[in-house]
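Novice: Residue numbers (the working numbering), protein chains in the order written: chain E, 5 to 164; chain X, 5 to 164. Glycine residues also receive a C-beta, built at the ideal position from the N, C-alpha and C atoms. Mind having a look at this structure? Questions to follow.
Protein chains: 2
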Amino acid sequence: MASLTRVIEKYINNLFSEVEEEQSVSLRRKELAEIFGCVPSQINYVLRSRFTPERGYLVESQRGGHGYIRILRICYDMPQDRINHIDELIGDTITDQEARRLLATLQEREMIDSRERILIEVALRHAEELGSSEFDVSPYRRSAISAELLKRMMRSLALA
Amino acid sequence: MASLTRVIEKYINNLFSEVEEEQSVSLRRKELAEIFGCVPSQINYVLRSRFTPERGYLVESQRGGHGYIRILRICYDMPQDRINHIDELIGDTITDQEARRLLATLQEREMIDSRERILIEVALRHAEELGSSEFDVSPYRRSAISAELLKRMMRSLALA
DNA sequence: ACGGTATTGGTCAGCATTAGTCAATAACGG
DNA sequence: CCGTTATTGACTAATGCTGACCAATACCGT
Chain E
5 MASLTRVIEK
15 YINNLFSEVE
25 EEQSVSLRRK
35 ELAEIFGCVP
45 SQINYVLRSR
55 FTPERGYLVE
65 SQRGGHGYIR
75 ILRICYDMPQ
85 DRINHIDELI
95 GDTITDQEAR
105 RLLATLQERE
115 MIDSRERILI
125 EVALRHAEEL
135 GSSEFDVSPY
145 RRSAISAELL
155 KRMMRSLALA
Chain X
5 MASLTRVIEK
15 YINNLFSEVE
25 EEQSVSLRRK
35 ELAEIFGCVP
45 SQINYVLRSR
55 FTPERGYLVE
65 SQRGGHGYIR
75 ILRICYDMPQ
85 DRINHIDELI
95 GDTITDQEAR
105 RLLATLQERE
115 MIDSRERILI
125 EVALRHAEEL
135 GSSEFDVSPY
145 RRSAISAELL
155 KRMMRSLALA
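Here it is in structure tokens:
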């Protein structure tokens, strides 16, 4: 019952893990589509929805004869770079939904564990609750407060 | 007597206990609603009111084709009586200083690690800051808010 | 060189499918 | 009787997938 998108995502992930040290893999869109019996644009959908910068990937491609698609895994050597990346992802405001998705991704990438994740979710939820029912803060302002709190928590972890 | 919400809650709990060590279960909202002969949004109510981070659960979901709802249980061996004790220690209000001292003690006793402690401290400090400089909350009230936040975070780590 | 053609990937709009939100209303419990 | 909790349904939002159409590049014949 797994969706085609997830199957293809997994297939690509396997390509990464096959070559231990490799930080990039190359594909041919049409070939891949034939393997999975779908239209080529399905591959674009997988890339657009799964191999995003938010999830730590970059995608390069070239059309025409000898065209290709190359997926690169983002890798930060310096902790500071990673903090900056997360800071940018969060931005000045963040919705509840975006925050939860980010935390799921961070846990997948093992940058936080489940206990840390739940602590962060409780803190965010508490802030939201207080802001909406107690102090009647505007939704925009609440999302700014959430972003600030989330960034502080992530920064503190990165330095720990 | 046996409200539908409680019945569904129990049903989901059984899914967890079926597989002793299972830490997550997957659902389809529509299916579940059909099983219990209710509208799908009833499921959301059950999740919102029963499977919260404060109670040690995280809920992930996805809409659209092949959508799902996944409930994760964060299960730990901190005894319930100990968490009750912590609840009492915190009480209805807590000062910044008392909180810090408590966290240090908890870390010494290895009930939380240094990263978890930092997360909690950052969340408390953020709440304090917001309360004092932004919303002009009275010191007493701030200490009550801190106590509530601290208790929620500690409970989320302890409840199965 | 030039230009046509084959080859390769990109975009977008639309349909089907699934879950979320919200506010009104009902039911419950003290 | 009142406040809290539970339930419903209409409306909204997100996701997966396809197919028609667009864009870029290499190769080959002249």
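1. Chain E beta carbons: is any one of them nearer than 9 Å to that of L161/X?
2. Please state the DSSP three-state secondary structure of S7/X.
3. I want to verify the contact list: residues of chain X whose CB lies under 9 Å from the CB of M157/E, in sequence order.
4. So the candidates are R159/X, Y49/X, H130/X; which of them puts its Cα closest to the Cα of L8/X?
5. Quick one: which chain E residues come within Cβ less than 7 Å of E58/X?
6. How many Å lie between E114/E and R10/E at the Cα?
7. Strictly below 9 Å CB to CB, what residues from chain X border I149/E?
8. Assuming E64/X is part of the alpha helix (DSSP H), what are its boundary residues?
9. Less than 8 Å between C-beta atoms, sequence neighbours within five positions excluded: which residues of the same chain meet that for I149/X?
10. Should Y72/E go down as buried or exposed, given a rule of 16 or more other Cβ atoms within 10 Å for buried?
11. Comparing the C-beta of E119/X with each C-beta of chain E, is any distance below 9 Å?
12. Do you know how far the Cα of E125/E is from the Cα of S30/E?
13. By the three-class DSSP mapping on this structure, what secondary structure does I75/E have?
14. Return yes when the Cβ of L161/X is within less than 9 Å of the Cβ of L123/E, no when it is not.
15. What does L106/X pair with, by DSSP beta-bridge criteria?
16. Thinking C-beta only, is R104/X closer than 9 Å to A164/E?
17. Do you know how far the Cα of K14/E is from the Cα of R59/X?
18. Please list the terminal residues of the continuous alpha helix (DSSP H) segment that includes V50/X.
19. Please check if any C-beta of chain X sits within less than 9 Å of the C-beta of T99/E.
20. Between the C-alpha atoms of Q46/E and P83/E, what's the straight-line distance to the nearest angstrom?
21. List the residues of chain X whose Cβ lies closer than 8 Å to the Cβ of A164/E, in chain order.
22. On the CB-based measure, 16 or more other CB atoms within 10 Å of its CB, does I39/X come out buried or exposed?
23. What does DSSP give as the partner residue(s) for V126/E in the beta ladder?
24. With burial defined as no fewer than 16 other Cβ atoms inside 10 Å of the residue's Cβ, what is the status of S53/E: buried or exposed?
25. In terms of residues, what are the limits of the alpha helix (DSSP H) holding L134/X?
26. Could you tell me the boundaries of the beta strand (DSSP E) in which S28/E lies?
27. Output the distance between the C-alpha atoms of M3/X and A127/E, rounded to the nearest integer angstrom.
28. Measuring only the C-alpha atoms, how far is R121/E from E133/E?
29. Going straight from the alpha carbon of Q111/E to that of A37/E, what length do you get?
30. Nearest CA to the CA of H89/E: which residue from R159/E, E102/E, I116/E?
31. Does L153/X have its Cβ less than 9 Å from a Cβ in chain E?
32. What first and last residue would you give for the alpha helix (DSSP H) that runs through I98/E?
33. Return the chain-ordered list of same chain residues with a C-beta closer than 7 Å to the C-beta of R33/E, the five sequence neighbours on each side being excluded.
Specialist: Once the coordinates are examined:
1. yes
2. coil
3. I122, L123, V126, A127, H130
4. Y49/X
5. V126
6. 20 Å
7. H130, L134, E138
8. Here E64/X belongs to no alpha helix (DSSP H); instead the beta strand (DSSP E) covers 61-66.
9. A131, G135, V141
10. exposed
11. The question names Glu, yet the displayed sequence has Arg at residue 119/X. By this cut-off, R119/X is an interface position.
12. 37 Å
13. strand
14. yes
15. Its beta-bridge partners do not exist; DSSP assigns none.
16. no
17. 32 Å
18. 45-54
19. no
20. 35 Å
21. S118, R119, I122
22. exposed
23. Paired residues: none, contrary to the question.
24. exposed
25. Per DSSP, L134/X belongs to no alpha helix (DSSP H) and is neither H nor E.
26. 28-31
27. Nothing about residue 3/X can be reported from this structure: the residues present for chain X run from 5 to 164 only.
28. 18 Å
29. 30 Å
30. R159/E
31. yes
32. Unbroken run through I98/E: none, as it is neither H nor E.
33. P44, I47, I73
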